[in-house]
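Enquirer: In the working numbering, the protein residues as written are 6 to 866.
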Ligand SMILES: Cc1cc2nc3c(=O)[nH]c(=O)nc-3n(C[C@H](O)[C@H](O)[C@H](O)COP(=O)(O)OP(=O)(O)OC[C@H]3O[C@@H](n4cnc5c(N)ncnc54)[C@H](O)[C@@H]3O)c2cc1C
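1. Take residue 870 as the anchor and find which of 656, 80, 421 and 647 has the nearest alpha-carbon.
2. By the DSSP assignment, the alpha helix (DSSP H) with residue 611 in it spans what residues?
3. Report yes if the C-beta of residue 53 is less than 8 Å from at least one heavy atom of ligand 1; otherwise report no.
4. Might you give, ordered along the chain, the residues of its own chain that have their beta carbon closer than 7 Å to the beta carbon of residue 5, omitting 5 neighbours on each side?
5. Can you check whether the CB of residue 659 is closer than 9 Å to the CB of residue 649?
6. Tell me whether residue 9 sits in a helix, a strand or coil according to DSSP, three-state version.
7. Near residue 9, what residues of its chain come up, given a Cβ to Cβ distance below 8 Å and the 5 sequence neighbours on each side ignored?
8. How far does the beta strand (DSSP E) with residue 599 in it reach, from first residue to last?
9. Taking the alpha helix (DSSP H) that residue 648 falls in, what are its first and last residues?
10. Using DSSP bridges, identify the partner residues of residue 129.
11. Following a CB-centred definition, is residue 106 positioned closer than 8 Å to any heavy atom of ligand 1?
12. Would you list the one or two residues that DSSP bridges to residue 478?
13. In three-state DSSP terms, what is residue 345?
14. Can you have a look at residue 79 and say buried or exposed, based on whether 16 or more other CB atoms are within 10 angstroms of its CB?
15. Run the proximity test for residue 391: is its beta-carbon closer than 8 Å to any non-hydrogen atom belonging to ligand 1?
16. Just the C-alpha distance for residue 86 and residue 232, rounded to the nearest angstrom, thanks.
17. Write down every uninterrupted run of the beta strand (DSSP E) in the segment 686-737 whose length is 3 residues or greater and which is fully enclosed by it, in chain order.
18. If I follow the unbroken alpha helix (DSSP H) through residue 406, where does it start and stop?
19. Helix, strand or coil, according to DSSP, for residue 495 in the structure here?
20. Can residue 838 and residue 556 be called in contact, C-beta distance under 9 Å?
21. Once DSSP output is grouped into helix, strand and coil, what is the label at residue 468?
22. Which complete beta strand (DSSP E) runs does the segment 501-583 hold, if anything under 3 residues is left out?
23. Between 622, 689 and 852, which has its C-alpha nearest residue 698's C-alpha?
24. Measure from the alpha carbon of residue 238 to the alpha carbon of each residue in 520, 71 and 701, then state which is nearest.
25. For ligand 1, I want to know if residue 485 counts as a neighbour, meaning its beta carbon is within less than 8 Å of at least one of the ligand's heavy atoms.
26. Tell me where the beta strand (DSSP E) around residue 398 begins and ends.
27. Could you compute how far the alpha carbon of residue 520 sits from the alpha carbon of residue 468?
28. Give a single yes or no on whether residue 283 has its beta carbon closer than 8 Å to a heavy atom of ligand 1.
29. Given a cut-off of 9 Å on the beta-carbon distance, is the pair residue 190 and residue 223 in contact?
30. Comparing the CB of residue 579 with every heavy atom of ligand 1, is any distance shorter than 8 Å?
31. Pair every Cβ in the segment 727-738 with every Cβ in the segment 794-804, then say whether three or more of these pairs are closer than 8 Å.
32. Thinking C-alpha only, which one of 791, 386 and 420 is nearest residue 703?
33. Under the three-state reduction of DSSP, which class applies to residue 822: helix, strand or coil?
34. Hey, which unbroken runs of the beta strand (DSSP E) at 3 residues or more fall wholly within the segment 11-76?
35. Using C-beta distances below 7 Å, list every residue in its chain close to residue 67, excluding the 5 sequence neighbours before and after it, in chain order.
36. Expressed to the nearest angstrom, what Euclidean distance is found between the alpha-carbon atoms of residue 434 and residue 634?
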């Protein structure tokens, strides 16, 4: 490849779909020269290629359009709620004409290769025999633009006509009088099948995987949308800040917090509205809770059974074996009812696998079907297919294919380490195909323009993400997917439809709103995670943009929106009321066999306890638990969900014992009650239905500190026998100068100032060195019970928890130390809310089970 000294264009854009068209407009506006290469013979991308009968948008048309041209009401009106392919193409033509976009677009030109020239900081882009040089290369090549090879034996032998939905001829196809086969029942298949059925003499539908599909209820634009669009700027802004790119408010209500009747009504309403983003938003946990998802899926299956007359066909059409939403839900018009037509037959390939295409039709294992035409609706090599079909070589000649051999790795779905000035539009690791693509495309193109602007303004000519930033983002993308059910489908989202493709869940699941916030923050933090180089030297603000677990971040943001005053600014009584009100909003924990409230003899008088019994037959081991709350807040019920979770996971009786609180009862009242609770529970174990020989002492936060104090007292007095101490984020010291106090002192859920306030309420300064407040200061920790200790990455108490684990180990005590990555002080206790905490709680419970299985250890000292 050769190049001239000056790049021919500032930016080369590959592809002239919605993304490429907007890129021309946006980059021009930024004062950049732009050149677009498009393989097709016209603009429009998806809407140029996919001309099959019934092709329609499945996001409402008023949402699936550019927002940069807000006068849509003046010069563009959609004729219906979900526009057809021809209408969308007319719209894109209209935009191209209005903004004179075509003059920078070269059609019929495929980009075959691109090579980064590190010396000149340019890309050499090869199209056939030509090479063009540019500073920045933008891959607007589309997520669904490379059709999947049908991968069926014998296709080339077929003597009749074959059609691919993704490469449909320009001239209409007439199936009248023909026997037609459609292979594939994804979005395109589901859209074209009712149309072909109405035309063809006979239609055979070959289905491997049944899909969930929602009726579109297409028609005129809904009046409520038109009303909202009177303030178009506000409407578009709300779309940009929404979870899916359409102004729908994120539901915060979990499924099983409302009655069955109400749920049914809600599902029915979503069914009638006919909008995909509404559907997966019926309840907050549809894509994270198996039971919630199952109920919605059952509702769908019931609808299919009610629509399709033949029970066997209905059953074959009912999706099963994967959560609803884990494969793209389709939007249809009359799809299921089509199977009631006499001229339509479903061939269930799960029962009768496809063998091959023959000269005259299709053979399954047990039947031969003669047909005149075959329609392949077999999908795409999604998200990465188009980018990887170009031979992209970055720094040192490394290919993108090599860099992504184990799956795509990007920063923000936008750029790739080792490939300077290469930008992906809606690439893997961005919301892309899980969102309204029109909104996500605009955001990416705007972001690319801003980054290029930044380079020019600061005298740089190249930009690429750092390895640290990419690794951090990929971890975050994985964390986000892992708390959902999305990865549980064998879907094209994971590359599972392409043999040999690495199976990695590619889109960003946390939503357009969270994604935009991350991008905005990246820009505000001086392009965090990007290295910029050029004549004026180098600048790099290295780092990871998202380190919190996604659901923890979400909870923190929601809490911040509530604008509550800090607890430490209140009186203790008001702080208790506020704390109780927040806890009351959390979802309940799992069901246990029995909950018993009672009173136990504390050091002074009696105090409450709450006992949780598991459903398995007893006698059970016992976990004595002390709640958190900084010695000031909480009671025997305040960690209810956590105790239930612990009870279910450990199959132990959990006894949550209250203790006296400060400032009414200051140090050592709480410690004395903890010791008394231990004596009582050990003595009453059999009466409580427990096994006195298997006892673990546990707690969270200040309560975990009290648990160690009780263990220490037991060690001193030679009993009771304790199998282990199970400590969640324990208070083990009063030294607030540790790094975790500095790093995590504000912005999370336990601020350094609140911790200080707790200390002030509980004890005088000289007492804070007492091992009953600061167990880390115990002179000799040997012969303490074995421990499991959880520390949270974003917790002021992290380092003292780690130090305590180390100190126990140094004293010869067996310790299992679990580091909860991306968690805060409180997040693991939010059982139904912070799904990412479940694996940590399971590890914790597993360690408790191991402790309980061991012989108790007590040595009098
Ligand atoms: C049938 C169908 C229905 C869809 N419905 C919706 C919907 O309702 N809502 C939604 O949000 N999304 C939908 N999508 C996703 C859709 O792809 C995006 O909404 C959007 O159109 C993508 O625009 P794009 O410009 O990024 O990519 P595309 O529209 O795919 O355009 C990419 C262009 O790049 C060209 N190209 C690729 N590689 C090269 C190369 N090497 N050299 C030159 N040119 C190249 C291609 O020819 C193509 O024209 C649908 C997709 C399909 C297939």
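Just so you know, even glycine gets a beta-carbon here, dropped at the ideal spot from N, CA and C. It should be emphasised that the depicted structure is a prediction, and the values quoted were computed from it without experimental measurement.
Expert: Per the coordinate set shown:
1. An answer regarding residue 870 cannot be provided, because it is not within the stretch 6 to 866 covered by the chain.
2. No alpha helix (DSSP H) holds residue 611; the beta strand (DSSP E) holding it covers 611-618.
3. For ligand 1, at least one heavy atom lies less than 8 Å from the Cβ of residue 53.
4. The first residue shown for the chain is 6 and the last is 866, placing residue 5 beyond what the model contains.
5. The answer is yes: Cβ separation under 9 Å.
6. Low confidence applies here, because residue 9 scores a pLDDT of 43, under 50, leaving its location unreliable; read the following figure in that light. Under the three-state reduction of DSSP output, residue 9 falls in the coil class, being neither helix nor strand.
7. The predicted model places residue 9 with a pLDDT of 43, which falls under 50 and marks its position as unreliable; any figure quoted below should be read in that light. These residues qualify, in order along the chain: 138.
8. Where residue 599 is concerned, the enclosing beta strand (DSSP E) starts and stops at 599-606.
9. For residue 648, the uninterrupted alpha helix (DSSP H) segment begins and ends at 645-655.
10. For residue 129, which the question treats as bridged, DSSP gives the partners 120 and 138.
11. Incorrect: residue 106 has no Cβ contact closer than 8 Å to ligand 1.
12. Answer by DSSP bridge pairing: none, since residue 478 is not bridged.
13. Collapsing the DSSP output to three states places residue 345 in coil.
14. Exposed, by the Cβ-count rule.
15. Within the cutoff, so yes.
16. Residue 86 and residue 232: Cα-Cα distance of roughly 14 Å.
17. Secondary structure remark: continuous beta strand (DSSP E) runs of at least 3 residues inside the segment 686-737, in chain order: 695-705 and 729-733.
18. Looking at the DSSP string, the run of the alpha helix (DSSP H) that includes residue 406 is 405-408.
19. Coil.
20. Note that the C-beta distance between residue 838 and residue 556 is below 9 Å.
21. In the three-state scheme derived from DSSP, where H, G and I count as helix and E and B as strand, residue 468 is classed as strand.
22. Correct list: 535-539 and 542-545.
23. Ranking the options by Cα distance to residue 698, first place goes to 689.
24. Put simply, of 520, 71 and 701 the residue whose alpha carbon is nearest the alpha carbon of residue 238 is 71.
25. No.
26. First-last of the beta strand (DSSP E) with residue 398: 396-398.
27. Distance between the alpha carbons of residue 520 and residue 468 is about 21 Å.
28. The answer is no for residue 283.
29. No.
30. Not one heavy atom of ligand 1 falls within 8 Å of the beta-carbon of residue 579.
31. When Cβ pairs closer than 8 Å are counted between the two stretches, the segment 727-738 is seen to touch the segment 794-804, the count reaching three or more.
32. Nearest option by C-alpha distance: 791.
33. For residue 822, the secondary structure class from DSSP, reduced to helix, strand or coil, is strand.
34. At a cut-off of 3 residues, the continuous stretches assigned as beta strand (DSSP E) that sit fully inside the segment 11-76 are 14-19 and 39-42.
35. Residues 83, 226, 230 and 234 of the same chain have their beta carbon placed closer than 7 Å to that of residue 67, with the five preceding and five following residues left out of the count.
36. Approximately 38 Å between the Cα atoms of the pair.
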